[in-house]
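Take a look at the structure set out below.
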Amino acid sequence: MEKLTIGHLRETLSGRRVFVRIDGDVPRREETGEIADEFKLRQVVPTLQFLIQAGARVVIGTHWGQPEGKVVASWRVDPIAERLSRLLGRPVRKVNDCVGREVERLVDELKPGEVLMVENLRFYAEEDLDDAAFARQLADLADVYCNDAFGLAHRGQASTVGITRYVTPAAAGLLMERELLMLEAVLKNPQKPFLAVVAGSRLEEKLPVLENLLPRVDRLFLGGALCFTFLKAQGYEVGRSPVNAAFLKLAED
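In structure tokens form, the structure reads like this:
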């Protein structure tokens with residue numbers, strides 16, 4: 026796999042600001058707002074520990090929920106920072122914005138091995154739009170960019186794509202590297218019979234994956250909300266289950 030990973034940069038990280046994009050979109054308990062499952066956070070701990078041990082000044086960015094470009098108090102990422110602090114065994118300071126002069130000042134004050142988490146990136150609509158100006162503001166927080174959000178690798182966002190236009194080097198984190206290696210091995214050298222299970226809710230995002238997998242697999246199983254559009258196309262009654270009407274004809278084929 027000829028891709029730049031954070032491991033390649035080990036000797037260059039000391040004292041440098043490293044912006045790490047993680048997928049911290051963890052489920053929470055509606056009644057309390059507490060994190061219900063920390064699995065995604067545990068997955069990024071090795072990358073964060075690697076950066077800390079290398080003496081980097083670590084800046085963590087993530088989204089949480091769907092605040093739709095507005096500041097929503099219940100979606101502030103303080104619980105994520107607190108949980109990561111517990112998992113890392115060291116303070117993870119949280120700042121109440123993700124761009125701007127105050128954030129830049131706090132990032133510049135970080136000492137080697139210290140960690141700062143910026144506020145929910147989706148409090149800005151510009152994040153999902155891959156807005157160039159917003160990406161440039163995020164880039165002002167970094168000397169090195171590290172993407173460890175494999176679950177967002179299919180999306181073009183300011184913090185996953187746009188920022189890389191302004192920060193060099195840009196590297197994959199340890200989780201991203203591991204997932205890509207596993208995916209590469211499965212697709213290039215699959216054991217037969219090759220069965221694939223694809224689930225989720227956004228058919229428009231999963232369609233390219235399905236089209237890529239179909240010629241390779243022996244059986245393809247659909248789960249989650251994806252399956253209802255295909256069931257509806259085959260004439261099954263799905264009740265109030267979500268159906269993407271725009272893809273019904275395609276699903277019939």
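Mapping of the sequence shown onto my numbering: residues 26 to 278, in sequence order.
All C-beta atoms in this analysis are idealised placements derived from N, C-alpha and C, irrespective of residue type, glycine included.
Problem set entry | Inter-residue Cα distance where the pair is Arg82 and Leu212 | 36 Å
Exercise. Which residues in the same chain have their Cβ closer than 6 Å to the Cβ of Arg108, if we skip the five residues on either side of it in sequence?
Worked result: Ile60, Glu63 and Leu66
Problem set entry | Own chain partners of Leu146 with C-beta closer than 7 Å, once the 5 adjacent residues on each side are dropped | Gly86, Thr87, His88, Cys123, Glu152 and Ser184
Problem set entry | Proximity to Val143 [Cα-Cα], best of Phe175, Asp155, Arg101 and Val169 | Arg101
Problem set entry | Endpoints, the alpha helix (DSSP H) within which Asn237 is located | Leu228 to Leu238
For this session: Could you pull the start and end residues of the beta strand (DSSP E) that Phe246 belongs to?
Result: Arg244 to Leu247
For this session: Could you tell me whether the Cβ atoms of Glu277 and Gln259 are closer together than 9 Å?
Result: yes
Problem set entry | Inter-residue Cα distance where the pair is Ala195 and Val234 | 25 Å
For this session: For Thr30, name the three-state secondary structure that DSSP assigns.
Result: strand
Exercise. My guess is that Arg42 and Leu166 are in contact by the Cβ rule of under 8 Å, so how many angstroms apart are they, rounded?
Worked result: 6 Å
For this session: Could you check which residue in Leu206, Leu239, Glu262 and Asn214 has the C-alpha nearest to that of Val222?
Result: Leu239
Exercise. On the three-state DSSP scale, how would you describe Ile60?
Worked result: strand
Problem set entry | Span of the beta strand (DSSP E) around Val140 | Val140 to Met142
For this session: Check whether the Cβ atoms of Val140 and Leu113 sit closer than 9 Å, and answer yes or no.
Result: yes
Problem set entry | Three-state secondary structure assigned by DSSP to Gly198 | coil
Exercise. Is the beta carbon of Leu220 less than 9 Å from the beta carbon of Arg190?
Worked result: no
For this session: Going by DSSP, name the residue or residues bridged to Phe44.
Result: Val84 and Tyr170
Exercise. Once you ignore the five residues that flank Leu135 on each side, which residues in its own chain have a CB closer than 8 Å to its CB?
Worked result: Arg42, Arg82, Val83, Val84 and Leu141
Exercise. Around the C-beta of Gly125, are 16 or more other C-beta atoms found within 10 angstroms, so that it is buried, or is it exposed?
Worked result: exposed
Problem set entry | Buried or exposed by the 16-neighbour rule on C-beta atoms within 10 Å, applied to Thr30 | buried
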